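Here the structure is laid out as structure tokens; the discussion comes afterwards.
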Ligand code: GLN
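In this note's numbering, the protein residues as written are 1 to 219.
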């Protein structure tokens, strides 16, 4: 039977603003394509085996939960990196996106080490300011327009070797300065767009399902 296996990383801890809706939208779309969908939460103390999943979702969270998952996350680094390098489809939102990078300075100016799989880094904003509100971006590759909701104290800067996921049309995105939003590498997307993103942007959801299905036939 054709099966798509979804891993919801720390789904019990990192799941702000209905981020789980991304998993639901992806599963809905996959079922419409004739696939049976299995979703598993992989959390603290669980082993993440890269060969077991077709799609990984890593949601956003409060600073508190980001700190709680930090040590455990670092133990999963090798397998997560393997999944990403093998062109697995990986979507990380906000807190999850920050944790894929080098570090995040939280609202109390405390450093939370990231996975350091990617070189972006996240500082905090002065006077505990947050970027909150609707956001609209243009996909840096396809030109498609996506809408979402952002709420983050962190400001993220990409390194020279990273390509943005989108260009900001309205809202703040990575840092409110350079108009970049998120990053994309192979089939990994990091972004600040809650929404849930895949529920609000059917075109992106379909694209990610198509890549997931294509990956299965290549493997
Ligand atoms: N705690 C992080 C920040 O404030 C991430 C927030 C989120 O995931 N919504 O920047």
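Positions of the beta carbon are idealized from the N, C-alpha and C atoms, including for glycine.
Computed from a prediction, not measured in an experiment: that's the story for all the values here.
task = Only counting runs of 3 or more residues, tell me where the beta strand (DSSP E) segments fall wholly within the region 91-115, in order along the chain.
result = 103-105, 111-113
ask   = By how many angstroms is the C-alpha of residue 152 removed from the C-alpha of residue 62?
value = Taking the first residue of the chain shown as position 1, residue 62 is located at position 62. Taking the first residue of the chain shown as position 1, residue 152 is located at position 152. The C-alpha of residue 152 is placed about 9 Å away from the C-alpha of residue 62.
query = Which whole-angstrom value describes the C-beta separation of residue 191 and residue 165, a residue pair presumed to lie in contact below a C-beta threshold of 8 Å?
reply = Counting from 1 along the chain shown, the entry for residue 191 is found at position 191. Counting from 1 along the chain shown, the entry for residue 165 is found at position 165. That belief holds up - the Cβ atoms of residue 191 and residue 165 are roughly 5 Å apart, short of 8 Å.
query = residue 127 by DSSP, collapsed to three states: which one?
reply = As a position in the chain shown, residue 127 is number 127, starting the count at 1. In this structure, residue 127 counts as helix in the three-state DSSP scheme.
task = Could you tell me if the beta carbon of residue 152 falls within a distance shorter than 6 Å of some heavy atom in the ligand GLN?
result = Taking the first residue of the chain shown as position 1, residue 152 is located at position 152. Indeed, a heavy atom of the ligand GLN lies less than 6 Å from the Cβ.
request  = Can you check DSSP and say which residues form a bridge with residue 72?
outcome  = Numbered from its first residue, the chain shown carries residue 72 at position 72. DSSP, once it has assigned bridges, lists no residue as partnering residue 72.
ask   = Near residue 197, which residues of its chain fall below 8 Å by C-beta distance, leaving aside the five closest residues on each side in sequence?
value = The count along the chain shown starts at 1 and reaches residue 197 at position 197. Once the five neighbours on either side are set aside, the close Cβ partners of residue 197 are 22, 91, 93, 146, 148, 191, 204.
query = Excluding five sequence neighbours on each side, which residues of the same chain lie with their C-beta closer than 6 Å to the C-beta of residue 117?
reply = Residue 117 sits at position 117 when you count from the first residue of the chain shown. Cβ within range, chain order: 81, 100.
key: Beta-carbon gap between residue 64 and residue 194 smaller than 7 Å   = By one-based count along the chain shown, residue 64 stands at place 64. By one-based count along the chain shown, residue 194 stands at place 194. No; because the gap between Cβ atoms is not below 7 Å, this pair is not in contact.
task = Could you tell me which of 69, 46, 40 sits nearest to residue 55, measuring between CA atoms?
result = Mapped onto the chain shown, residue 55 falls at position 55. Closest by alpha carbon: 40.
inquiry  = Can you look up residue 137 in the DSSP assignment and give me helix, strand or coil?
reply    = Looking up residue 137 in the chain shown gives position 137. If DSSP states are grouped into helix, strand and coil, residue 137 belongs with the strands.
ask   = What first and last residue would you give for the alpha helix (DSSP H) that runs through residue 206?
value = Residue 206 sits at position 206 when you count from the first residue of the chain shown. That run of the alpha helix (DSSP H) goes 202-218.
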